[in-house]
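Asks: Below is a structure I'd like to ask you about.
Residue numbers (the working numbering): 2 to 75.
The following block contains the structure:
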């Protein structure tokens, strides 16, 4: 057990695989083959994209298939 470890909410927002599309007046989930990083803000059209989403996509040929992480503990 780690003492002093605090669980904090995510800084970036959400990481999703897939998207919601509208078919026949219904909003249905659709599978996708890439990640999407969104902010914590949701508008009427859906989640707002995080600026880091576009930065990571430019380095990976347009599809975000891996997300670099940094661990705070050994």
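All residues carry an ideal CB built from backbone N, CA and C; glycine is no exception. Quick caveat, the model's predicted, so the values are computed rather than measured.
(1) CB residue 28 to CB residue 21, shorter than 8 Å?
(2) How far does the beta strand (DSSP E) with residue 29 in it extend, from its first residue to its last?
(3) Can you grab the Cα-Cα spacing for the pair residue 7 / residue 25, in whole Å?
(4) Only counting the same chain, and skipping five residues up and downstream in sequence, which positions put a Cβ closer than 6 Å to that of residue 64?
(5) Ends of the beta strand (DSSP E) at residue 77?
(6) Taking all protein chains shown into account, decide if residue 38 is buried (16 or more other Cβ within 10 angstroms of its Cβ) or exposed.
(7) CA-CA distance, residue 40 and residue 4?
(8) List the whole-angstrom C-beta distance separating residue 31 from residue 19, where the pair is believed to meet the contact cut-off of C-beta under 8 Å.
Replies: On the basis of the data shown:
(1) Numbered from 1 along the chain shown, position 27 holds the residue referred to as residue 28. Numbered from 1 along the chain shown, position 20 holds the residue referred to as residue 21. Yes, the pair counts as a contact, with Cβ atoms nearer than the cut-off.
(2) Locating residue 29 in the chain shown gives position 28, counting from the first residue. Here the beta strand (DSSP E) through residue 29 covers 27-44.
(3) Translated into the one-based positions of the chain shown, residue 7 becomes position 6. Translated into the one-based positions of the chain shown, residue 25 becomes position 24. Approximately 45 Å, taken between the alpha carbons.
(4) Translated into the one-based positions of the chain shown, residue 64 becomes position 63. Correct list, in chain order: 35.
(5) Only positions 2 to 75 of the chain appear in the structure, and residue 77 is not among them; the question remains open.
(6) One-based indexing of the chain shown puts residue 38 at position 37. Label assigned to residue 38: buried.
(7) Taking the first residue of the chain shown as position 1, residue 40 is located at position 39. Taking the first residue of the chain shown as position 1, residue 4 is located at position 3. Rounded to the nearest angstrom, the two C-alpha atoms are 30 Å apart.
(8) Indexing the chain shown from 1 puts residue 31 at position 30. Indexing the chain shown from 1 puts residue 19 at position 18. About 6 Å; that satisfies the 8 Å criterion.
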